[in-house]
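In the UniProt record's numbering, the protein residues as written are 1 to 1192.
Shown next, in the form of structure tokens:
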């Protein structure tokens, strides 16, 4: 079954899916009017022009009032004027011949397999055009002798033909009357024709007299379309005629786009399987690379390519080719728009053969490959966590391979399939089963058990666009009931007296354990905290006012646990032994509140488990101490204090750990002295530590672990952001003094805004941007900024990643104040870049406009001050300098606007191009940072604005001053398009090849060679263009890169034997004949041996390839990736290949790196495929060459 989609064969013309489908099924009638024969060399008049010429001959002028009744005007001509004779003569001008539109129509009709043309034209140009093209359009019918309208083929001349007597032409109102009303033979043909077919009018205007007759009395629900030029869509006429317009552009009035679209349509329909393979391959290969720096999540196809690809993906042949080639992350999301793939995520849909191929592709190419499996999971999130049973089976099969390669990845899929697929394994929503308002709220335990069955919900990643496809998406625990329903109904069940506490406990425990087990299976043990992080305290607490479903379970376990009678072993022991954080915290809560456990027992229990400094159970452990310390015995208190002063027994290897441990001891002593202010020994120890660490301060809530901002901003101990925030609100000047006291070490403040001393400032700006403004204003008045330029910059660093919301503009005004400080420029530009990225999805705003103004101002004022740091590579400057930040800022602005103007995108606007031009015309020192930043984004600029790219970006890759500064960063993630190659990058590649060692690529020479190989292999090059690269690879730098180039070309082609065979036929065979002749330089043995490894990949050309290389003293150079390719062809060309390999082995050096391994692998492969006798030929050859381990 084919799924048809609207297609665009040329820009500006969309052919509806109904038309395409009817054409493919032989149900499309091409209804051809006079406009088709208007263009040269046909040069025939339109109906109203014919009437005017007839009027001129009859000396009866054709006036404007006659235009709507042309047939009546012709009928009114004098009786002695033979209008039919003169019309026939006027329609046979000398030299009139079929035009391109006739040929296009003939091709479209023929390509359907059942040509159906109906024309009201009298000329025979359609038949003549078909003869010229050697096309058989079937029978010829001339009215009134017409076929059955419901089932016909051929050309129907509805109103007569010049090939018959001119009196038979339907020309005037009398003739139309007979055809449509009197004899009625025209509607007898037309009505079933319209009813049973889709009709496409070509060469008619909506005001044509003929159109009026054709549509008289036809059924209203027939499918009728008309091709009209843009601007002629008359809504009233369309409604009256009940036709759907298909518009085409006609900018120069020549109507040349009309035959062009029909030719393209016919050519597409006539494409052979190999033609489709080539075009699909061309489209897919351009977008196969996954570029970590790329901002585009999806392949940016042209409209024509996208329509073509969507159409092909509705066919079995097309989807087979596509799925063999497409492996990029980008295709995985793009293909979700294809209906036949989308049904794989609808459990109730019908699955076609095309859908099954898509399912196998999704499972084997993405789920089953470790590097892509996470992208498949993200796709599942986008599709609502639903999968068709057929796809489930394919995924299950793919998991067998995945388990061998990455058992953790396989486990993620297994737990997800087993527990969390909607309409399959996830529990179904239960809202519809809940009692109605006013009814008894209690639920049966069986329903509660279902309501407390968790499942995984995939969430989007916090990572960047590209990283989101490379990293596994995070998951959260979800439940069949919404939170408020859970509160009401599960709460009522917990309070119910009809169920024992033990039964309740078992169900609640099972729910929480299941949640942990699912998270463990998907995320591993490190991600258990996602369940726990939202719960500040087990007891009711003000910080837990926002209730989640997990809180309802925790609360129920807490309350039931506290009310449970004493059991053996104690409930808290059982919960602790689970190892799950929430259970352990519940256990500690029970201990803290239990009157049956003495204070000493409580403390000893904690000490035995060494959890005094455990962050996960900190609050509950502190609560145990709070209740136990005041009444504990002196000996137990002494033991506790000794353990506290010993600190965390775990040695954490990171800078500042000793200081962190000291603060943790201090924090715990603060808590203990609050629990018992009269504990003198603890108080003395606290005083001692305080005196040794004057910057240590008491927290308001020492029992809570708090972390503000990112890890890069927060030194150890954690800066007390909350306290600082409260001080700013109460007394900003006092807060500033407090900050000064906290950081005063007897030296000046650092100029580095990332200095540990500024962590508090960064934290306050990040967590509370408005309070950052307050402290900035106070600092300015107190002139604190003069003591350390890093003070104000630290606030900007905090704002850089903050959600600024209502304070965007005030913050920007303050940031602007630093634009004149040379040491703060990077801080300012980083702020602009990151805030631009944070607003990537939003519309344009005053904030963004003001940021653009500031970015330009920074450049204008400071471009002469930049000096690149010594020994910096171009790629370093592309990422780590303030000029490159500005480049990336403007790129981000372009990307944001492009995202919002996709359908009307016209390239860079004036502000963007002016800013980027200004950057590219800066002083030389600054250009050392601008050039690499711009050059690394060549592919983006080419897609965004080809004209700008050609004028400003491409020249950088050839210019002597800039060339060394763009190639290295570009090669880190090199991507090229056919357009940019044609525009000049091909020439730049050749020039770079010729001076590769001068480019100082820093070890990226292999990437350069790989890029040129991929251009030769996959870019749509003309022969001369490809030859330029081939010659450069051999000639450049005395042929140093020829061997690597040969091996890289073959390595890339070994992934697809069809491509290799095609490349052999297209250019490789001829090229190697020249190389063997020493053209353009003598080839080395190593280079030719590299080329010889292509032999097993060239399909039916293998005998010719062997003959080409035979006797050339070449050695074995088989890449490990070619094993499967060799295995596939051994059955067909086994003896020839074994003899060839034996020759290569005999010429190989056993001392060469990996030579022994290559020989042994090949021997094993031949033995497995062809048996011991054939393998022995290789063994004998290897033995003679000095190889030793070939038999093992």
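Backbone N, C-alpha and C fix where the C-beta goes; we use that ideal spot for every residue, glycine too. All values derive from a computational prediction rather than experimental measurement.
- Secondary structure in the stretch 18–51: the beta strand (DSSP E) runs of 3 residues or longer, each lying completely within the stretch, are 28–32 in chain order.
- Going by beta carbons, residue 434 and residue 508 fall outside the 7 Å limit.
- Where residue 141 is concerned, the enclosing beta strand (DSSP E) starts and stops at 140–142.
- In this structure, the straight-line span from the alpha carbon of residue 841 to that of residue 896 is close to 6 Å.
- In this structure, residue 931 sits near residue 965, with a CB-CB distance shorter than 7 Å.
- Scanning its chain for C-beta atoms nearer than 8 Å, with the 5 sequence neighbours on each side dropped, one finds around residue 317 the residues 273 and 276, in chain order.
- In the DSSP assignment, residue 7 falls within the unbroken beta strand (DSSP E) covering 7–10.
- A straight-line Cα-Cα distance of about 60 Å links residue 912 and residue 61.
- One thing to note: residue 266 has its Cβ within 7 Å of the Cβ of residue 111.
- In the displayed model, residue 489 falls within a helix according to three-state DSSP.
- Membership of residue 157 in any alpha helix (DSSP H) is not indicated; the residue belongs instead to the beta strand (DSSP E) covering 154–157.
- Under the three-state reduction of DSSP output, residue 939 falls in the helix class.
- One thing to note: residue 18 has its Cβ within 7 Å of the Cβ of residue 198.
- The C-alpha of residue 1087 is placed about 25 Å away from the C-alpha of residue 1179.
- By the neighbour-count criterion, in which 16 or more other beta carbons inside 10 Å mark a residue as buried, residue 1157 falls on the exposed side.
- If you draw a straight line from the Cα of residue 450 to the Cα of residue 534, it is about 24 Å long.
- As a beta-bridge residue in DSSP terms, residue 14 pairs with 8.
- Of 81, 55 and 47, the smallest CA-CA separation from residue 68 is found for 47.
- Taking the Cα positions, residue 455 is about 49 Å away from residue 690.
- Straight-line spacing of the CA atoms in residue 908 and residue 249 works out to 25 Å.
- In the DSSP assignment, the residues bridged to residue 458 are 475.
- Residue 247 has 228 as its beta-bridge partners, per DSSP.
- By the Cβ criterion, the stretch 887–895 is not in contact with the stretch 946–964, since fewer than three pairs of Cβ atoms, one from each stretch, lie closer than 8 Å.
- The beta-carbon separation of residue 458 and residue 480, rounded to 17 Å, does not stay under the 8 Å limit for a contact.
- With fewer than 16 other beta carbons inside 10 angstroms of its own, residue 681 counts as exposed.
- Under the DSSP assignment, residue 200 falls in the beta strand (DSSP E) whose first and last residues are 198–202.
- By the neighbour-count criterion, in which 16 or more other beta carbons inside 10 Å mark a residue as buried, residue 979 falls on the exposed side.
- Contact between residue 1008 and residue 981 does not hold, since the beta-carbon distance rounds to 15 Å and is not under 8 Å.
- Annotation: residue 602 to residue 830 spans about 52 Å, alpha carbon to alpha carbon.
- The beta carbons of residue 490 and residue 552 sit closer together than 7 Å.
- Following the DSSP letters along the chain, one finds residue 636 inside the alpha helix (DSSP H) bounded by residues 634–646.
- Taking a contact to require three or more Cβ pairs closer than 8 Å, the stretch 131–138 and the stretch 154–166 qualify as touching.
- Assigned with DSSP and collapsed to three states, residue 537 falls in coil, not helix or strand.
- The beta-carbon distance between residue 1095 and residue 1109, rounded to whole angstroms, is 7 Å. This is short enough to meet the 8 Å contact definition.
- The beta carbons of residue 804 and residue 846 sit about 13 Å from each other, so the pair does not count as a contact at 8 Å.
- For residue 116, the uninterrupted beta strand (DSSP E) segment begins and ends at 116–119.
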